[in-house]
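Structure first, then comments.
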Amino acid sequence: MRLHGTTLGYCIRWAYGVLPYQIAGPPWMDPPTDVLFDIDAKAGSPIPEPQLKLMLQASAHGPRPRPAAGRPLLH
Numbered sequence: 005m006r007l008h009g010t011t012l013g014y015c016i017r018w019a020y021g022v023l024p025y026q027i028a029g030p031p032w033m034d035p036p037t038d039v040l041f042d043i044d045a046k047a048g049s050p051i052p053e054p055q056l057k058l059m060l061q062a063s064a065h066g067p068r069p070r071p072a073a074g075r076p077l078l079h
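Residue 5 is where the sequence shown starts when you use this note's numbering, and the numbers rise one by one after that.
Printed below as a string of structure tokens:
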């Protein structure tokens with residue numbers, strides 16, 4: 005998997021399958037921003053997309069997305 009010049013917001017939305025209005029964060033999390041990330045991951049064999057999403061979730065060593073007040077967080 006290769007993501008170059010992507011925002012943290014995009015990574016979170018893709019990994020957790022949520023829409024932009026379902027998460028909130030600092031302004032630098034989404035465009036326009038200068039804070040961009042490159043992710044390069046290699047596997048010995050092809051990995052299905054659902055497994056890639058779980059791997060990206062597990063590799064995020066920071067705080068997990070939390071639901072907005074009154075909205076459940078679905079995995």
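Just so you know, even glycine gets a beta-carbon here, dropped at the ideal spot from N, CA and C.
Out of curiosity, what's the CA-to-CA distance linking residue i and residue j?
| i | j | result |
| --- | --- | --- |
| Ile43 | Tyr25 | 24 angstroms |
| Glu53 | Met59 | 10 angstroms |
| Ser63 | Thr37 | 23 angstroms |
Grab me the residues of residue i's own chain with a C-beta within less than 6 angstroms of its C-beta, minus the 5 sequence neighbours each way, in chain order.
| i | result |
| --- | --- |
| Arg6 | Asp44 |
| Gln61 | Ala19 |
Could you pull the DSSP bridge partners for residue i from this structure?
| i | result |
| --- | --- |
| Asp44 | Arg6 |
Can you tell me where the alpha helix (DSSP H) with residue i in it begins and where it stops?
| i | result |
| --- | --- |
| Ile19 | The question names Ile, but residue 19 in the sequence shown is Ala. Start and end: 12 to 20. |
| Met59 | 53 to 63 |
Figure out for me which residue from the options has the closest Cα to the Cα of residue i.
| i | options | result |
| --- | --- | --- |
| Gly9 | Leu58, Val22, Lys57, Met33 | Met33 |
| Ile27 | Gly13, Met59, Pro52 | Gly13 |
| Pro30 | Leu23, Thr11, Met59 | Thr11 |
Quick one: residues in its chain with C-beta nearer than 8 angstroms to the C-beta of residue i, no 5 flanking neighbours on either side, listed in chain order?
| i | result |
| --- | --- |
| Lys57 | Trp18, Ala19, Tyr20, Gly21 |
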